[in-house]
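J.:
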Amino acid sequence: LKNVVCLYSPVDGEYFDAAITANVGSLQVGSVTWKFKEVRGVTTQYLSEETMLEIDDARMIAYAYKHGSSQTTEGWASYITADDIIPQYIDDLMGAAWVRYDVEKRMAKSLKVNPKLPYDNRGIKVLEGDATTTLLEASNMGIVGQDDDGVFVYRVQALPRDSQTPEDIVTRKYRGISYAYRKS
Numbered sequence: 013l014k015n016v017v018c019l020y021s022p023v024d025g026e027y028f029d030a031a032i033t034a035n036v037g038s039l040q041v042g043s044v045t046w047k048f049k050e051v052r053g054v055t056t057q058y059l060s061e062e063t064m065l066e067i068d069d070a071r072m073i074a075y076a077y078k079h080g081s082s083q084t085t086e087g088w089a090s091y092i093t094a095d096d097i098i099p100q101y102i103d104d105l106m107g108a109a110w111v112r113y114d115v116e117k118r119m120a121k122s123l124k125v126n127p128k129l130p131y132d133n134r135g136i137k138v139l140e141g142d143a144t145t146t147l148l149e150a151s152n153m154g155i156v157g158q159d160d161d162g163v164f165v166y167r168v169q170a171l172p173r174d175s176q177t178p179e180d181i182v183t184r185k186y187r188g189i190s191y192a193y194r195k196s
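Each residue of the sequence shown is one higher than the last, beginning at 13 in the working numbering.
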């Protein structure tokens with residue numbers, strides 16, 4: 013399983029990958045999409061509508077002259093499995109990666125700074141709070157979407173100790189946290 017970003021960059025000696033990463037990928041996760049962006053150090057391509065459609069159908073990103081200005085095209089990435097190529101957007105991938113990293117970081121910190129988190133409702137609530145805090149922050153960053161009433165759509169679920177396997181309890185492995193959110 014791999015995530016792949018394909019760039020259309022026909023000019024030798026130019027580094028579209030570095031330019032788009034510096035100009036877009038370096039910004040706060042959730043704050044931008046990768047489409048409509050101006051990048052420096054890359055030659056603008058004047059492409060026909062047919063070529064633009066081919067690039068988009070191939071889920072590639074180009075730096076093209078569109079609608080009166082130089083800009084990146086769709087912010088595609090592809091998730092490649094053994095059986096399929098699933099197109100998605102880079103900002104969605106980065107958002108999901110940030111959420112996962114931050115949940116893990118917060119939980120690791122809780123486990124480190126507390127002398128002991130009991131393997132009962134008290135300790136489980138601390139870990140649930142870590143995941144909830146991450147999703148609240150992700151909401152404010154633009155990663156989590158809202159419903160029609162402007163309420164951020166996410167859930168965190170922490171299963172009780174009794175739902176864990178006896179082996180996980182004995183080895184102190186808690187596998188009961190799950191979360192989901194609507195992409196913005």
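Each residue gets a CB set at the ideal place from its N, CA and C atoms; glycine is no exception.
1. Tell me which residues share the same chain as Q40 and place their Cβ nearer than 7 Å to its Cβ, disregarding the 5 neighbours each side in the sequence.
2. Under the DSSP definition of a beta bridge, which residues are partnered with R71?
3. CB Y193 to CB V163, shorter than 7 Å?
4. Can you check whether the CB of V23 is closer than 7 Å to the CB of T55?
5. Tell me the DSSP secondary structure of W110 in three-state form.
6. In this structure, does DSSP put T146 in helix, strand or coil?
7. Once the 5 residues before and after K137 are set aside, which same chain residues still bring their CB inside 8 Å of it?
8. Assuming A76 and T85 are in contact, meaning their beta carbons sit under 8 Å apart, how far apart are those beta carbons, in whole angstroms?
9. Compute the Euclidean distance between the alpha carbons of E50 and K195, then round it to the nearest angstrom.
10. Quick check on DSSP: helix, strand or coil for L59?
11. Hey, T45 and G80 are a contact pair by Cβ (cut 8 Å); roughly how many whole angstroms apart?
12. Can you tell me which of the three DSSP states P99 falls into?
13. In the DSSP assignment, the beta strand (DSSP E) including I181 goes from what residue to what residue?
T.: In terms of the structure at hand:
1. M153
2. BP columns for R71 are empty, so no partner.
3. no
4. yes
5. helix
6. helix
7. A170
8. 6 Å
9. 24 Å
10. coil
11. Wrong, their Cβ atoms sit about 19 Å apart, outside the cutoff.
12. strand
13. It is not in any beta strand (DSSP E) - I181 instead sits in the alpha helix (DSSP H) that spans 178 to 182.
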